[in-house]
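Number of protein chains: 2
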Amino acid sequence: MEPIGIIHSPFADIENMPIQPKGAAHVEGTVHFRESYVEGLKDLEGFSHIYLIYIFHKAERIRLTVTPFMDSTERGVFATRSPLRPNHIGLSIVQLVKIENGMLTVKGIDVLDETPLLDIKPYIRNFDSVEDSLSGWMAASKDEVAKKRSDGRFK
Amino acid sequence: MEPIGIIHSPFADIENMPIQPKGAAHVEGTVHFRESYVEGLKDLEGFSHIYLIYIFHKAERIRLTVTPFMDSTERGVFATRSPLRPNHIGLSIVQLVKIENGMLTVKGIDVLDETPLLDIKPYIRNFDSVEDSLSGWMAASKDEVAKKRSDGRFK
């Protein structure tokens, strides 16, 4: 696997970041696509939201249980979005603002500056909207998520 | 990157599969987790839906433009869910039925049997639900997606 681009954000350090796009709704970032892949972006501009699949490049360890920012109890890492998961793969849904010359401007970015991008997929309502989901231990309100910030625990 | 488990489904061949989980709502599959990672599944059972991130292991080529099953026009591969994308990463949202001894039973599976799993993430409504999204060229109804089947074009 090799990066198809690099994500740029205002977050240079893993501490004090929003912990999810919902906590970063107005934060803009850019995705710089590798020139050889720009052709693959055709038609993407019609989608309002996209998935970014990327590497948590500052995660240096793997832990099978973690204490999430939203919680005070150890949880299995696959029941969280922690970077310390095996393979260190991250997933965020962001708003697509524009595409110009192989550069995407996105809104609601919650990743570190210089994050290597592995894939982009369109958010397709017919495939991706989930009705009546249950979110297990994660009972926090949107307001609470928006206020939470990271610390250094997931380096 | 190495698989954290293997996905089993009734689909042995890339032809005549449902093209998305919405077309496979009642299809059950299982995820067999690597024993060394089973501890990381703790607390996942409280979530009704999960993301599977996996490798399109039968995709042998990369194409930057493709003609999707839902369409008759060539689209940029990143504006589609085609397997022929760089890095060959797949993403599906499935319903979590149960977890027993490191084996997950899931519903709504749309991947090939023996698919290597890279990551599982909980679907968290507060992070992942998108209101008022626009789905670009993809204007098909849920009914239409449910009826569509794959053919051999994405081998």
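The listed protein sequences derive, respectively, from chains A and B. Per the working numbering, residue 1 is the first one in the first sequence, and the count goes up by one each step. Per the working numbering, residue 1 is the first one in the second sequence, and the count goes up by one each step. A virtual CB, placed ideally from N, CA and C, is assigned to each residue, including glycine. Note that this is a predicted model, so its numbers are computed, not measured.
Self-check item: Chain-ordered neighbours of His-26(A) on chain B, where CB pairs are closer than 8 Å
Solution: On the first sequence, residue 26(A) is found 26 positions in, with the first residue counted as 1. By Cβ distance, chain B contributes nothing, its closest Cβ being about 16 Å from His-26(A), past 8 Å.
Quiz item: Quick one, are the C-beta atoms of Gly-76(B) and Phe-47(A) less than 7 Å apart?
Solution: Start at 1 with the first residue of the second sequence, and residue 76(B) comes out as number 76. Start at 1 with the first residue of the first sequence, and residue 47(A) comes out as number 47. In this structure, Phe-47(A) does not lie closer than 7 Å to Gly-76(B) by Cβ.
Self-check item: Partner residues on chain B for Pro-18(A), Cβ-Cβ distance less than 7 Å
Solution: Looking up residue 18(A) in the first sequence gives position 18. Within 7 Å Cβ-Cβ: nothing; Pro-18(A) doesn't reach chain B, min ~11 Å.
Quiz item: Taking Cβ to Cβ, would you say Val-31(A) is nearer than 7 Å to His-49(B)?
Solution: As a first step, residue 31(A) is located in the first sequence; it is residue number 31 there, counting from the start. As a first step, residue 49(B) is located in the second sequence; it is residue number 49 there, counting from the start. Cβ atoms of Val-31(A) and His-49(B): not closer than 7 Å.
Quiz prompt | Candidates His-26(B), Glu-15(B), Asp-119(B): closest to Arg-81(A) by CA position | solution = Counting from 1 along the first sequence, the entry for residue 81(A) is found at position 81. Comparing Cα-Cα distances from Arg-81(A) to each of His-26(B), Glu-15(B), Asp-119(B), the minimum goes to Asp-119(B).
Self-check item: Residue from Pro-86(A), Gly-90(A), Leu-112(A) with nearest C-alpha to Glu-157(A)
Solution: A query on residue 157(A) cannot be resolved here, the shown segment of chain A reaching from 1 to 155 and no further.
Quiz item: Taking buried to mean at least 16 other C-beta atoms within 10 Å of its own C-beta, is Gly-152(A) buried or exposed?
Solution: On the first sequence, position 152 is the one that residue 152(A) refers to. Classification for Gly-152(A): exposed.
Quiz prompt | Residue of Ile-124(B), Asp-132(B), Ile-4(B), Leu-117(B) minimising C-alpha distance to Glu-35(B) | solution = Taking the second sequence and counting its residues from 1, one reaches residue 35(B) at position 35. Taking only the C-alpha atoms, the option nearest Glu-35(B) is Ile-4(B).
Self-check item: Inter-residue spacing [alpha-carbon to alpha-carbon] between Ala-79(A) and Val-66(B)
Solution: Counting from one through the first sequence, the residue named residue 79(A) turns up at place 79. Counting from one through the second sequence, the residue named residue 66(B) turns up at place 66. If I take the Cα positions, the gap works out to 35 Å.
Quiz item: What residue does the alpha helix (DSSP H) around Asp-43(A) start on, and which one ends it?
Solution: What you label residue 43(A) is simply residue 43 of the first sequence in a count that begins at 1. First-last for Asp-43(A): undefined, no H or E at that position.
Practice problem: Return the chain-ordered list of same chain residues with a C-beta closer than 6 Å to the C-beta of Ile-53(A), the five sequence neighbours on each side being excluded. | Solution: The residue labelled residue 53(A) in the question sits at position 53 within the first sequence. So the list reads Leu-91, Leu-118, Asp-119, once near-sequence residues are dropped.
Quiz prompt | Given Val-148(B) as reference, the closest of Lys-42(B), Arg-63(B), Phe-11(B), Met-70(B) once Cα atoms are compared | solution = For the purposes of this step, residue 148(B) is identified with residue 148 of the second sequence, where counting begins at 1. Here residue 148(B) turns out to be Lys, not Val, going by the sequence shown. When only C-alpha atoms are compared, the closest one is Met-70(B).
Exercise. Keeping to the same chain, check which residues put their C-beta closer than 7 Å to that of Pro-68(B); ignore five residues upstream and five downstream.
Key: Taking the first residue of the second sequence as 1, we reach residue 68(B) at position 68. Leaving aside the five residues that flank Pro-68(B) on each side, the residues in its chain whose CB is nearer than 7 Å to its CB run, in chain order, Arg-75, Thr-80, Ser-82.
Quiz item: Would you say Tyr-54(A) faces chain B, with C-beta separation under 7 Å as the test?
Solution: Translated into positions along the first sequence, residue 54(A) becomes position 54. Answer no: the Cβ-Cβ gap between Tyr-54(A) and chain B never drops below 7 Å.
Practice problem: For Lys-121(B), count neighbouring C-beta atoms within 10 Å of its own C-beta (all shown protein chains included) and say buried if the count is 16 or more, exposed if not. | Solution: For the purposes of this step, residue 121(B) is taken as the residue at position 121 of the second sequence. With a 10 Å radius around the Cβ and a threshold of 16 neighbouring Cβ atoms, Lys-121(B) comes out buried.
Self-check item: Within chain A, the residues that Gly-136(B) reaches when beta carbons sit closer than 8 Å
Solution: Counting from 1 along the second sequence, the entry for residue 136(B) is found at position 136. What Gly-136(B) touches in chain A: Asp-43, Leu-44, Glu-45, Gly-46, Phe-47, Pro-122.
Self-check item: Short-range partners of chain B found in the segment 85–99 of chain A, where Cβ spacing is below 8 Å
Solution: Arg-85, Pro-86, Asn-87, Ile-89, Leu-91, Ile-93
Practice problem: Return the Cβ separation of Glu-28(B) and Lys-107(B) in integer angstroms, given the expectation that the two are a contact with Cβ distance under 8 Å. | Solution: For the purposes of this step, residue 28(B) is identified with residue 28 of the second sequence, where counting begins at 1. For the purposes of this step, residue 107(B) is identified with residue 107 of the second sequence, where counting begins at 1. Confirmed, Cβ separation roughly 5 Å.
Quiz item: So which residues on chain A does Glu-15(B) lean against when the C-beta distance must stay under 7 Å?
Solution: Translated into the one-based positions of the second sequence, residue 15(B) becomes position 15. In chain order: nothing, as chain A lies at least about 20 Å away.
Quiz item: What's the call for Arg-61(B), buried or exposed, on a 16-neighbour Cβ count within 10 Å?
Solution: The residue you call residue 61(B) lines up with position 61 of the second sequence. With fewer than 16 other Cβ atoms within 10 Å, it is exposed.
Quiz item: How many whole angstroms separate the CB atoms of Pro-116(B) and Ile-6(B), which I take to be in contact at a CB cut-off of 8 Å?
Solution: Here residue 116(B) refers to the residue found at position 116 of the second sequence. Here residue 6(B) refers to the residue found at position 6 of the second sequence. Yes, Pro-116(B) and Ile-6(B) are in contact; Cβ-Cβ is about 6 Å, under 8 Å.
Exercise. Count the other CB atoms, across all protein chains shown, that sit within 10 Å of the CB of Pro-10(A); report buried if there are 16 or more and exposed otherwise.
Key: The residue given as residue 10(A) occupies position 10 in the first sequence. Exposed is the call here.
Practice problem: Using a Cβ cut-off of 7 Å (strictly closer), state whether Met-103(A) contacts chain B. | Solution: Locating residue 103(A) in the first sequence gives position 103, counting from the first residue. No, no contact with chain B.
Quiz item: Can you name the residues of chain B whose CB is closer than 8 Å to the CB of Phe-108(A)?
Solution: Along the first sequence, one-based indexing puts residue 108(A) at 108. This sequence places Gly at residue 108(A); Phe is not what is there. Correct list: empty, because the minimum Cβ distance to chain B is about 10 Å.
Self-check item: Close beta carbons around Phe-154(B), own chain, < 7 Å, minus the five adjacent residues each side
Solution: By 1-based counting over the second sequence, the position of residue 154(B) is 154. Closer than 7 Å at Cβ, skipping near neighbours: Ile-14, Ala-59, Ser-82, Pro-83, Leu-84.
Quiz prompt | Rounded separation between Arg-63(A) and Pro-86(A) - CA only | solution = Looking up residue 63(A) in the first sequence gives position 63. Looking up residue 86(A) in the first sequence gives position 86. Annotation: Arg-63(A) to Pro-86(A) spans about 8 Å, alpha carbon to alpha carbon.
Self-check item: Assigned exposure category for Leu-41(B) - 16 Cβ within 10 Å defines buried
Solution: As a first step, residue 41(B) must be located in the second sequence, where it is residue number 41. By the 10 Å Cβ count, Leu-41(B) comes out buried.
Quiz prompt | Backbone secondary structure at Arg-81(A) - three-state DSSP | solution = Numbered from 1 along the first sequence, position 81 holds the residue referred to as residue 81(A). DSSP places Arg-81(A) in coil when its eight states are reduced to three.
Practice problem: With a threshold of 16 other CB atoms inside 10 Å of the CB of Ala-24(A), please say whether the residue is buried or exposed. | Solution: Position 24 of the first sequence holds residue 24(A). Its Cβ being crowded by 16 or more others within 10 Å, Ala-24(A) is buried.
Quiz item: What residues match up with Phe-33(B) in a beta bridge as DSSP calls it?
Solution: Here residue 33(B) corresponds to residue number 33 of the second sequence, with the count starting at 1. In DSSP, Phe-33(B) forms a bridge with Gly-5(B).
Exercise. Could you pull the start and end residues of the beta strand (DSSP E) that Asp-128(A) belongs to?
Key: As a position in the first sequence, residue 128(A) is number 128, starting the count at 1. First-last for Asp-128(A): 125–128, but that is the alpha helix (DSSP H), not the beta strand (DSSP E).
Quiz item: DSSP on Arg-61(B), reduced to helix/strand/coil?
Solution: Here residue 61(B) refers to the residue found at position 61 of the second sequence. Looking at Arg-61(B) - three-state DSSP - the assignment turns out to be coil, as it is neither helix nor strand.
Quiz item: Helix, strand or coil for Pro-86(A) per DSSP?
Solution: Counting from 1 along the first sequence, the entry for residue 86(A) is found at position 86. Pro-86(A) falls in the helix class under three-state DSSP.
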